[in-house]
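Q:
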Amino acid sequence: MSMPLIEAVDVSRRFSRKLDYAEKIANLFGAGLEEKTVHAVDEVNLAVYPGEVVGLVGESGCGKSTLGRVMAGIMPASGGEVRWQGKPLISLQGAEKRNMRLSAQMIFQDPMSTLNPRKRVIDLIGEAPKVHGIAKGRQMRDYVASLAERVGLDASYLDRYPHQFSGGQRQRIGIARALAVKPKLLVCDESVAALDVSIQAQILNLFMDLKREFGLTYLFISHDLGVVKHICDRVVVMYLGRVVESATPDELFGNPKHPYTQALIRELPTVADRRRTFTPIKGEIPSPLHPPTGCHFHPRCPKAFDRCRIERPVLKENAAGHVSACHRNDLAANETTNATAEPAI
Amino acid sequence: MTPVLEVKNLSTHFMTRRGILKAVDDVSFTVGEREIVGLVGESGSGKSITGFSILGLVDPPGRVVAGQILFNGDDLLKMPPAAMRTIRGKRIAMIFQDPMMTLNPVLSVGTQMIETVQAHDSVSRAEARQRSRDALGLVGIPSPEERLDSYPHQFSGGMRQRVAIAIALLHRPDLIIADEPTTALDVTIQSQILFEIKRLAGEFGMALIWISHDLGVVAALADRIMVMYAGRVVEAGQVDGVLTEPRHPYTSGLLSAVPAAVPRGEPLRPIPGFAPSPLSRPSGCAFRDRCARATEICATEPMLEIAAGREFRCFHPHVGRAA
């Protein structure tokens, strides 16, 4: 395969709270307090190839947004490295660094909190192209108008403020702003989660049209399995900072291997199933401050056995392009004497 | 079956500076004993205000301007505030989307629950505490005795919603109104809550109004479904009927807008346009600007058609199965 557009190699992101003065003083007297560290992202490998739409799914606190931010380059990794077209992000300098920054844009969940309420649409969309010299002076209005029309906003609205738009239209402003600097990669963080079904469908169609037209690559972060299944070429499932499974949507939804993925798919109420009973998996999502030992999912897993409590499972290939991190893979492999290949996602 | 709740021609309007906002407009429905009714619609369709109106929780500038709300035969709208207080929280309870907003952050869960018990029943504190503990146990909170002394922030989102449900259950109400109670929760936690609610509603013979924008959840939970658009109920009926053979173009539009409705990777079929501003709704059918089937007659008000347990407001209803 060609070179990935962007690649996370053993990327970790930790957040720690420094000890305050009282705690430092308490430590002088031997209280033995330690910094609390959250492993938001824990040694994750993820490659996104040009033109691909990769879905990143998981529940709140699984680290999917943090991983998205690290890959978009707006948050540094605490361990491992992110490579842009093969080059580590931290090695990029000057123009190269600026180009990478422009090439990876993010679209967030709540457009109202990412659009400056005191700026008009023309300035919101036009600010970055102006700074980076993509459009100048008199061309600016035409440039912004063409972008606005491309995302389905009426060009006569350019002098309005964000509060004068509905949620769906605001999201279109956010998309136009991201497109204004001619990106290659869009990281969409729950970009359609706050929208009503009928509007959500409009925005998803827009994303797909833009992909074809501008040859975009997407990292699509969402908790909505239905959306991800529909638009992604590959789906990556995260749980508590780690990737637990990755496959094409057909494979993942048709033949999920990890018990967590299986539960997610089973418990998703859909109109088509009209399932009348619920068989929820027990337990809460554990705190990332104190993740369980071994496999993070083992306290909730109906199929857990002793090894799951001790040893961290690694990603192994179940079928071509389908990897999952579950010790039960080895049991299955022993039974069918299938050789497990090196993980590659 | 005698209905627990009968809402007749309810209209709730908000008198704003920019005009009258008809949040709920001539809405009628009944909820039978032990029935679970799903109320679906998009933001601004008036589904939450319908719930608030039933409990008398609409604040100025909003006002219920017309209609009747018969609860076990008594009109709640004619009831003096003191009498309404004996019903609210005791005979009809409500669960909201965000339990952090409904729980007092500076009081322990136990204090709030005991307060709720004693607000309606003159029982000793010890007995109230006992009942609170039982309610927590009932909704699946582990070690309820210890958890009574915890504060809301010490619970996770799913657990907090369980506490809110436990409070709603304290008086074994005849009717619970749940407003998007699982929207903020993750899939695996939502599934747990739906499981508990379904079990408890059956166990105690409660009727339930489940307000949600998620058709999948309503399909899984409800017996009957009502679809609201721009302040009106545009379609209502048994869940199976409405979801497999929608009559109203808005209902069928909603059903075909979800990603599952088209093969993977193909363009979705959104409903064109967006919902009209509640201040300036088009005359006649409010959906006609977005509707492929609309004709001139849609500029006049469509009457509610009732046929074979189905209700809809449309001049050009779909006939037969969904496209």
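Residue numbers (our numbering), protein chains in the order written: chain A, 1 to 345; chain B, 1001 to 1323.
Idealized CB from N, CA, C, for every residue including glycine.
These figures come from a predicted structure and were not determined experimentally.
Can a CB atom of chain B be found closer than 9 Å to the CB of A:Arg-300?
A: yes
Q: I'd like to know whether the C-beta of B:Gly-1216 is nearer than 9 Å to at least one C-beta of chain A.
A: Judged by the 9 Å Cβ criterion, B:Gly-1216 is in contact with chain A.
Q: Please name the residue, chosen from A:Arg-160, A:Val-228, A:Pro-183, A:Pro-288, that lies closest to A:Asn-205 on a Cα-to-Cα basis.
A: A:Val-228
Q: Measure from the alpha carbon of B:Phe-1014 to the alpha carbon of each residue in B:Gly-1032, B:Ser-1277, B:Asp-1059, B:Ala-1307, then state which is nearest.
A: B:Asp-1059
Q: Is DSSP giving B:Asp-1240 helix, strand or coil here?
A: Assignment of B:Asp-1240 by DSSP, reduced to helix, strand and coil, places it in the helix class.
Q: Compare the C-beta of B:Pro-1267 against all C-beta atoms of chain A and say whether one is closer than 9 Å.
A: yes
Q: Along the segment 1169-1193 of chain B, what residues have a CB closer than 8 Å to any CB found in chain A?
A: Asp-1186, Val-1187, Thr-1188, Ile-1189, Gln-1190, Ser-1191, Gln-1192
Q: Please list the terminal residues of the continuous alpha helix (DSSP H) segment that includes A:Gln-93.
A: Here A:Gln-93 belongs to no alpha helix (DSSP H), and DSSP marks it neither H nor E.
Q: Could you tell me whether the segment 1216-1236 of chain B touches the segment 1034-1050 of chain B, using the rule of 3 or more Cβ pairs below 8 Å?
A: yes
Q: Quick check on the burial criterion: 16 or more other C-beta atoms within 10 angstroms. Buried or exposed for B:Val-1218?
A: Residue environment: B:Val-1218 is assigned as buried (16 or more neighbouring CB atoms within 10 Å of its CB, all protein chains considered).
Q: Just to confirm, is the Cβ distance from B:His-1171 to B:Gly-1089 under 9 Å?
A: yes
Q: Just the Cα atoms here: how many angstroms apart are A:Ala-8 and A:Ala-104?
A: Cα to Cα, the separation comes out at about 14 Å.
Q: Tell me which same chain residues have a C-beta within less than 8 Å of the C-beta of B:Phe-1315, skipping the five on either side of it?
A: Taken in chain order, the residues that qualify are Cys-1285, Thr-1295, Ile-1297, Cys-1298, Pro-1302.
Q: Say whether the segment 106-114 of chain A touches the segment 128-136 of chain A, bearing in mind that this needs 3 or more beta-carbon pairs closer than 8 Å, one atom from each stretch.
A: no
Q: With B:Ile-1271 and B:Ala-1257 assumed to form a contact (beta carbons below 8 Å), what rounded beta-carbon distance in angstroms separates them?
A: 6 Å
Q: Among the residues of its own chain, which have a CB less than 7 Å from the CB of B:Phe-1052, if the five just before and after it don't count?
A: Val-1058
Q: B:Asp-1121 bridges to which residues according to DSSP?
A: None, per the DSSP bridge assignment.
Q: Hey, out of B:Asp-1121, B:Ser-1108, B:Ile-1165, B:His-1153, whose CA is closest to B:Glu-1145's CA?
A: B:Ser-1108
Q: A:Pro-343 to A:His-322, Cα distance in whole Å?
A: In this predicted model, A:Pro-343 has a pLDDT of only 47, less than 50, meaning its place in the structure is not dependable; the value taken from the coordinates is given anyway. Their backbone Cα atoms lie some 9 Å apart in a straight line.
Q: Who are A:Leu-158's beta bridge partners in DSSP?
A: Answer by DSSP bridge pairing: none, since A:Leu-158 is not bridged.
Q: Which term fits B:Val-1106, buried or exposed, when burial requires 16 or more other beta carbons within 10 angstroms of its beta carbon?
A: exposed
Q: Taking Cβ-Cβ distances below 8 Å as the criterion, which residues of the segment 1224-1250 of chain B are in contact with chain C?
A: Annotation note: the requested chain C is absent from the structure, which comprises protein chains A and B.
Q: Consider the Cβ of A:Lys-229: report whether some Cβ of chain B lies at a distance smaller than 9 Å.
A: yes
Q: Mind checking which residues open and close the alpha helix (DSSP H) that includes A:His-230?
A: 225-231
Q: State buried or exposed for B:Thr-1086, treating a residue as buried only when at least 16 other CB atoms are found within 10 Å of its CB.
A: exposed
Q: Apart from the five residues on each side of it in sequence, which residues of its chain come closer than 8 Å, Cβ to Cβ, to A:Val-82?
A: Ile-6, Glu-7, Ala-8, Val-9, Val-11, Val-70, Met-71, Gly-73, Pro-88, Leu-89
Q: For A:Val-271, which residues in chain B fall below 8 Å Cβ to Cβ?
A: Leu-1215, Gly-1216, Ala-1219, Leu-1243, Leu-1255, Val-1258, Ala-1260
Q: Can you tell me which of B:Gly-1241, B:Gly-1205, B:Thr-1012 puts its alpha carbon nearest to the alpha carbon of B:Val-1004?
A: B:Gly-1205
Q: Please list the partners that A:Met-208 has in chain B, where partner means a Cβ-to-Cβ separation under 7 Å.
A: Per Cβ cutoff of 7 Å: Pro-1267.
Q: List the endpoints of the continuous alpha helix (DSSP H) containing A:Ala-304.
A: Unbroken run through A:Ala-304: none, as it is neither H nor E.
Q: Any Cβ of chain B within less than 9 Å of the Cβ of A:Ala-344?
A: Legend: pLDDT at A:Ala-344 = 46, less than 50; position of this residue unreliable, no value from coordinates given.
Q: Between which two residues does the alpha helix (DSSP H) carrying A:Val-131 extend?
A: 121-131
Q: Between the Cα of A:Pro-292 and the Cα atoms of A:Glu-267, A:Ala-263, A:Tyr-239, A:Ala-320, which residue gives the shortest distance?
A: A:Tyr-239
Q: Shorter than 9 Å from the beta carbon of B:Gly-1110 to some beta carbon of chain A?
A: no
Q: Quick one: give me the first and last residue of the beta strand (DSSP E) that B:Arg-1313 is part of.
A: 1310-1313
Q: If you draw a straight line from the alpha carbon of B:Asp-1289 to that of A:Pro-117, how long is it in whole angstroms?
A: In a straight line, the C-alpha of B:Asp-1289 is about 30 Å away from that of A:Pro-117.
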